[in-house]
Structures are given as structure tokens and as C-alpha cells.
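In this note's numbering, the protein residues as written are 10 to 135.
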């Protein structure tokens with residue numbers, strides 16, 4: 010349950026159409042984590058000891074960026090632009106809808122991966 014709360018806090022609420030598809034054997038998991046709100050949309054259930062559930066992110070990219078900004082990372086080794094490109098890749102990997110998610114082939118062509126390969130080749134050539 011904690012993991013689902015963390016996911017929703019960072020990536021936002023799971024889209025209704027995905028939760029709606031949780032039927033049959035998956036319905037038990039759906040009912041374990043989700044409930045319908047007064048507006049008819051799915052929301053994450055609060056824990057037993059909470060009156061209100063976790064607040065879903067409305068800006069997943071900013072939430073992901075915040076995770077990395079909270080770390081003590083040496084800026085001289087990792088310029089802010091590297092973090093932005095990295096966050097973009099992670100965001101595309103974590104999209105809820107698998108049809109929108111980056112494919113492995115696309116990920117290998119992502120600027121973060123390509124730049125890393127170039128840097129490795131430069132160091133190896135030196």
C-alpha cells in the first residue's frame with residue numbers, strides 16, 4: 010500500500026481508464042487500493058488510520074525533479090541540464106499507459122543515453 014501511495018504522490022493518480030480495466034482477478038487489487046470519489050472518479054484509498062489519502066501529484070516531472078534535487082549531487086559533475094534530460098527519460102519510462110511509455114529502442118536513442126555513450130567513448134579514446 011505504501012508503494013502505491015508513493016507512486017501516486019510522484020506520478021499523479023492512475024488514470025480512470027486504467028483502473029476501470031482492473032476486472033476479474035485484478036478487481037481484488039483494485040478494491041484494495043482504490044475507491045470511487047463523490048465525483049465518480051477513482052482515487053487512492055486512505056490508510057485505515059488516515060481520514061484523507063495521499064495528494065496525487067499534478068506535475069509528475071516537477072515531482073521527479075524534486076527527488077533528485079533533494080540529493081547531495083555534485084553540480085560540477087552533473088550540470089542541471091543533465092538532470093532535466095535524465096528526469097525526462099525516467100518520466101517517459103514510468104508513464105502509466107504502456108502505449109504512451111517509451112520503448113526500449115526509443116530509450117536507447119534518448120539524449121540522456123546518447124550523451125552518456127559519447128562521454129564514455131571520449132574517455133575511452135583518451
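Using N, Cα and C, we set each Cβ at its ideal position, and we do this for glycine too. Predicted, not measured: the structure shown is a model, and the values here were computed from it.
Item, Value
"For the stretch 21–89, list the beta strand (DSSP E) runs that are entirely contained and at least 3 residues long, ordered along the chain.", "43–45, 51–53"
"Can you tell me the Cα-Cα spacing of residue 53 and residue 95, whole angstroms?", "28 Å"
"Using the three-state DSSP reduction, which class does residue 111 fall into: helix, strand or coil?", "coil"
"Should residue 104 go down as buried or exposed, given a rule of 16 or more other Cβ atoms within 10 Å for buried?", "exposed"
"Going by beta carbon distance, what residues of the same chain come within less than 7 Å of residue 55, once the five residues before and after it are set aside?", "61, 62"
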